[in-house]
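What follows is a single structure, written as structure tokens, with notes after it.
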Ligand SMILES: Nc1ncnc2c1ncn2[C@@H]1O[C@H](COP(=O)(O)OP(=O)(O)O)[C@@H](O)[C@H]1O
Ligand SMILES: [Mg+2]
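Residue numbers (this note's numbering): 185 to 440.
This is the structure we're talking about:
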């Protein structure tokens, strides 16, 4: 289906995460290739969102969370003391299950991050807004009413707006946590196509409870169970020839 990127961007090594005394991620290690789509699959509650959140330190905001092990992005340890978390989140953007645009205009949603990071020039902001909306495959639909409220858009458009908002600050990585599960099938396909385009520029990590989606769009798939990585490999290989019986059982629909 796709060619496999070989360069590792994100390196997760012996990662453990506890919520209080609950051991949510158990000794997780993996490499995530640059400019490709990696999908996290597995039954509900197995730790997919938890791992995704560790990649931009969203877990820092959850009290009682403890983490050990190491995550590097582009060789830099993202949990080292020198890391500025705001800068990290600019580089590692996130899109959630429910589209969550700000109750502001379409334009202001996309310009929000760049303004926060100090860009004031109107022409520069216009340019970023247009480029980001184009990248998110939304420009043609909204270019004539950028001043309209983002909340007037459909769910699928709102989700593409959230992708544009993430892109506007110049990330390297886009995290998507079940970003299509609140959308209708046509909007879902649009986001899947968009992800395929975006992977030429960005490293994408997506959580999906939909195995077919993982099979359709990802280059690499990681299968989780009870906080552990059971296996990960090229998507085609994982679905056609899994190494572990538990993976086989899951992808053939025996549980989950
Ligand atoms: N903030 C939290 N506090 C305590 N436990 C949590 C928290 N978030 C998730 N968990 C628990 O961690 C496990 C993994 O959750 P999660 O990463 O959301 O799974 P998934 O995304 O695979 O459905 C679940 O058992 C869940 O109940
Ligand atoms: Mg989840």
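For glycine and all other residues, C-beta sits at the position ideal for the given N, C-alpha and C.
Computed from a predicted structure; not experimentally measured.
Leaving out the 5 sequence neighbours to the left and right, which residues in its chain are closer than 7 Å to residue 398 when beta-carbon positions are compared? Residue 398 sits at position 214 when you count from the first residue of the chain shown. Shown here for residue 398: same chain residues with a beta carbon closer than 7 Å to its own, the five before and five after excluded, namely 223, 225, 392, 405 and 419 in chain order.
Exposed unless 16 or more other CB atoms sit within 10 angstroms - verdict on residue 447: Residue 447 lies beyond the range of the chain shown here (185 to 440); nothing can be said about it.
Cβ-heavy atom distance between residue 206 and ligand 1 below 7 Å? In the chain shown, the residue the question calls residue 206 occupies position 22. Under cutoff, so the answer is yes.
Would you check whether ligand 1 has a heavy atom nearer than 7 Å to the C-beta of residue 391? The residue given as residue 391 occupies position 207 in the chain shown. For ligand 1, at least one heavy atom lies less than 7 Å from the Cβ of residue 391.
Should residue 412 be listed as close to ligand 2, given that the test is whether its C-beta is under 7 Å from any heavy atom? Mapped onto the chain shown, residue 412 falls at position 228. Checking every heavy atom of ligand 2 against the Cβ of residue 412, none is found closer than 7 Å.
CB contact flag (residue 382, residue 319, <8 Å): What you label residue 382 is simply residue 198 of the chain shown in a count that begins at 1. What you label residue 319 is simply residue 135 of the chain shown in a count that begins at 1. In this structure, residue 382 sits near residue 319, with a CB-CB distance shorter than 8 Å.
Between the Cα of residue 373 and those of 352, 396 and 412, spot the shortest distance and give me the residue it belongs to. Position 189 of the chain shown, counted from the first residue, corresponds to residue 373. Minimum Cα distance to residue 373 is reached at 396.
So residue 278 and residue 350 are supposed to be a Cβ contact under 8 Å. How far apart are they, rounded? As a first step, residue 278 is located in the chain shown; it is residue number 94 there, counting from the start. As a first step, residue 350 is located in the chain shown; it is residue number 166 there, counting from the start. Between residue 350 and residue 278 the Cβ distance is about 7 Å, and since that is below 8 Å, they are a contact.
Using the beta carbon as the reference atom, which residues fall closer than 5 Å to any heavy atom of ligand 1, ordered along the chain? Here the list is 203, 208, 228, 229, 230, 231, 232, 233, 234 and 246.
Would you call the stretch 242-253 and the stretch 427-440 touching, i.e. three or more CB-CB distances under 8 Å? no
Distance check for residue 321 and residue 208, CA to CA, integer angstroms please. Residue 208 sits at position 24 when you count from the first residue of the chain shown. Residue 321 sits at position 137 when you count from the first residue of the chain shown. Rounded to whole angstroms, residue 208 to residue 321 spans 36 Å at the Cα level.
Close-in-space but distant-in-sequence residues of the same chain around residue 357 (CB under 6 Å, 5 per side omitted): Position 173 of the chain shown holds residue 357. Leaving aside the five residues that flank residue 357 on each side, the residues in its chain whose CB is nearer than 6 Å to its CB run, in chain order, 276 and 387.
Distance cut-off 7 Å: residue 433 Cβ against heavy atoms of ligand 2: For the purposes of this step, residue 433 is taken as the residue at position 249 of the chain shown. Not under cutoff, so the answer is no.
Return the CA-CA distance between residue 186 and residue 403, expressed in angstroms with no decimal places. In the chain shown, the residue the question calls residue 186 occupies position 2. In the chain shown, the residue the question calls residue 403 occupies position 219. Note that residue 186 scores a pLDDT of 47, beneath 50, so its modelled location is shaky and nothing firm can be said.
Kindly list the residues whose CB is nearer than 6 Å to the CB of residue 256, restricted to its own chain and excluding five residues on each side of it in sequence; keep chain order. By 1-based counting over the chain shown, the position of residue 256 is 72. 195.
Through-space distance from residue 414 to residue 230, alpha-carbon basis: Against the chain shown, residue 230 aligns to sequence position 46. Against the chain shown, residue 414 aligns to sequence position 230. Distance between the alpha carbons of residue 230 and residue 414 is about 11 Å.
State the beta-bridge partners of residue 412 as determined by DSSP. Position 228 of the chain shown, counting from 1, holds the residue named residue 412. Paired residue(s): 409.
Coil, strand or helix - residue 331 by DSSP: For the purposes of this step, residue 331 is identified with residue 147 of the chain shown, where counting begins at 1. Coil.
Interface flag, residue 248 vs chain C, CB-CB below 8 Å: Among the protein chains of the structure shown there is no chain C, as only one such chain exists.
For residue 224, list the residues DSSP reports as bridge partners. The count along the chain shown starts at 1 and reaches residue 224 at position 40. BP columns for residue 224 point to 391 and 406.
Own chain residues within Cβ distance below 7 Å of residue 332, not counting five before or after: Mapped onto the chain shown, residue 332 falls at position 148. For residue 332, where only same-chain residues beyond five positions count, the Cβ hits under 7 Å are 289 and 290.
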